[in-house]
Amino acid sequence: MLKKPYAKACEKAMKQHSASFYQAFRELPSPRKEAVFVIYTFCRMIDDSMDEPENSVYTLDELEWNFQHLSKAEGHFIWPSLRWLFDTFPNLEPAPFFTQIKGQRMDEMHTHYKTFEQLEDYCYHVAGSVGEMLLPVLHDYPSEKIVQAGIKLGKAMQIVNILRDIGEDLERGRRYIPLSILSAYDYTEEAFYAQELSISFRQVIDDLINTANNWFEEGLEGLNTYPESSAFAITLASSYYAAIMDVIKENDYDVFHKRAYVSQSRKLALYQTAKKARKRESIT
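Printed below as a string of structure tokens:
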């Protein structure tokens, strides 16, 4: 079992930085629950090394070096936690973690995207890779079809992240929405930087929302092959994320000035809906 101080530290990090994910996965049995906490915490550290370097314990290079030399990495609770993770889940491979690191490096090289293919590749690296990390933890015998579904789910969540964070990313000098999608709806790059909330802009956002919804649908296929607790956690996390897109629409698509936030009361309603569905399925 993961040492209690390390488990608590990883749980605290997840609870602090992603209440939605924490609420979705906290009911998992051990050791799956602690494994999710560890994976989230390390991915958060990788992300912070790029987006908030002033608050990051390590640079991205330092994180990569320590992960490459995990057997002797010291100085932070994440390293013994990761060693426990790989010992406990021997089917988990290091490759998705390196994919995640590579994805964060993409933010150094690409701050403005031209094509949807480029955006999808980015979504795979920074979020589809998380699906690959989680599958050996949440599923006992994932097939290749289930792996691909997990990747789709991660990419869907990344599209939601991008939509939610458009205003913040603009301040960082980043535009993830591809020019190809902007031009498809006659919304110019100049209009984007001027933060114009036109009909064309709403069509751009709807286009990406449709993509995310399609990936959510594909990503949730095969849930019946998961352990019941894992399927419930995935369903809940997906519903919380999908609700962000509903809030964006309710905010009249103003992603430049309003951060789409899913209220606790709304999360509670989604939780209760998922609980009822789970109960019906267990009866049948």
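Terminal number for the sequence shown in the working numbering: 1448, no gaps in between. Ideal placement from N, C-alpha and C gives every residue a C-beta, glycine not left out.
Restricting to Cα atoms, I'd like to know which of Leu1227, Asn1325, Val1202 is closest to alanine 1407.
Checked all of Leu1227, Asn1325, Val1202; the closest Cα to alanine 1407 is Asn1325.
Can you list, in chain order, the stretches of the alpha helix (DSSP H) that have 4 or more residues and sit fully within the stretch 1407-1447?
Runs of the alpha helix (DSSP H) inside the stretch 1407-1447: 1428-1447.
Check whether the Cβ atoms of aspartate 1371 and isoleucine 1345 sit closer than 8 Å, and answer yes or no.
Yes. Within cutoff.
Cβ pair methionine 1209, valine 1221 closer than 8 Å:
In this structure, methionine 1209 sits near valine 1221, with a CB-CB distance shorter than 8 Å.
Own chain partners of threonine 1205 with C-beta closer than 8 Å, once the 5 adjacent residues on each side are dropped
If we look at threonine 1205 and ignore the five residues flanking it on each side, its Cβ neighbours are Ala1173, Cys1174, Ala1177, Met1178, Ile1242, Ser1245.
Going by C-alpha distance, which of Pro1169, His1181, Ala1188 is nearest alanine 1401?
Ranking Pro1169, His1181, Ala1188 by Cα distance to alanine 1401 puts Ala1188 first.
Kindly indicate which three-state DSSP category histidine 1240 falls into: helix, strand or coil?
Coil at histidine 1240, not helix or strand.
Pull the bridge partners of arginine 1339 from the DSSP assignment, please.
For arginine 1339, the beta-bridge partners assigned by DSSP are His1276.
Where does methionine 1321 fall in DSSP's three states?
In the three-state reduction of the DSSP assignment, methionine 1321 falls in the helix class, which pools H, G and I.
What does the Cβ neighbour count give for glycine 1318, buried or exposed, with the cut at 16 atoms within 10 Å?
Glycine 1318 counts as buried, since at least 16 other C-beta atoms from the protein chains shown sit within 10 angstroms of its C-beta.
Cβ of alanine 1438 within 8 Å of Cβ of threonine 1399?
By the CB criterion at 8 Å, alanine 1438 and threonine 1399 fall inside the cutoff.
Cβ distance (whole Å) where serine 1394 is taken to contact leucine 1302 below 8 Å
So it is a contact: roughly 4 Å between Cβ atoms.
Give a single yes or no on whether aspartate 1410 has its beta carbon closer than 7 Å to a heavy atom of the ligand SAM.
Absence of the ligand SAM from the depicted structure is noted, as is the absence of any ligand whatsoever, leaving it without description.
Express the C-alpha separation of arginine 1247 and phenylalanine 1231 in angstroms, rounding to a whole number.
Straight across, the Cα-Cα distance linking phenylalanine 1231 with arginine 1247 is about 10 Å.
In whole angstroms, give me the CA-to-CA distance for serine 1194 and leucine 1283.
Between the alpha carbons of serine 1194 and leucine 1283 lies a gap of roughly 35 Å.
Do three or more CB pairs link the stretch 1383-1392 to the stretch 1348-1365 at distances below 8 Å?
Two segments are said to touch when three or more pairs of C-beta atoms, one from each, lie closer than 8 Å; by this definition the stretch 1383-1392 does not touch the stretch 1348-1365.
Using a Cβ-Cβ cutoff of less than 8 Å, which residues in the same chain neighbour isoleucine 1203 once the five nearest sequence positions on both sides are dropped?
Contacts found: Leu1249, Val1294, Met1297, Leu1298, Val1301.
Distance between beta carbons of histidine 1289 and glycine 1267, contact taken as under 8 Å:
By a beta-carbon distance limit of 8 Å, glycine 1267 contacts histidine 1289. Their separation comes to about 3 Å.
Selected residue, minimal CA-CA separation from arginine 1269, among Ser1184, Glu1238, Pro1306, Leu1227
The candidate whose alpha carbon is nearest that of arginine 1269 is Leu1227.
Buried or exposed (CB count within 10 angstroms, at least 16 for buried), serine 1403:
Answer is buried; the Cβ neighbour count reaches 16.
Pick from Asp1271, Glu1257, Ser1427: whose alpha carbon is nearest that of aspartate 1333?
When each option's Cα is compared against that of aspartate 1333, the closest is Asp1271.
With a cut-off of 8 Å on the beta carbons, I'd call isoleucine 1265 and leucine 1327 a contact; round off their distance for me.
Taking C-beta atoms under 8 Å as the contact rule, isoleucine 1265 and leucine 1327 fail to qualify, at a distance of about 24 Å.
Leucine 1343 and glutamate 1353 look like a contact to me (Cβ under 8 Å); what is the Cβ gap, rounded to whole Å?
About 7 Å separates the two Cβ atoms, so the contact holds.
Rounded C-alpha distance that separates alanine 1441 from alanine 1424
Going by the C-alpha atoms only, they are around 26 Å apart.
Tyrosine 1204 in three-state terms, based on DSSP:
Shown here, tyrosine 1204 sits in a helix according to DSSP, grouped into three states.
Does the beta-carbon of proline 1258 have 16 or more other beta-carbons within 10 angstroms, so that it is buried, or is it exposed?
Burial call: exposed.
If you run the structure through DSSP and keep just helix, strand and coil, what is valine 1221?
In the structure shown, valine 1221 sits in coil (DSSP, three-state: anything other than H, G, I, E or B).
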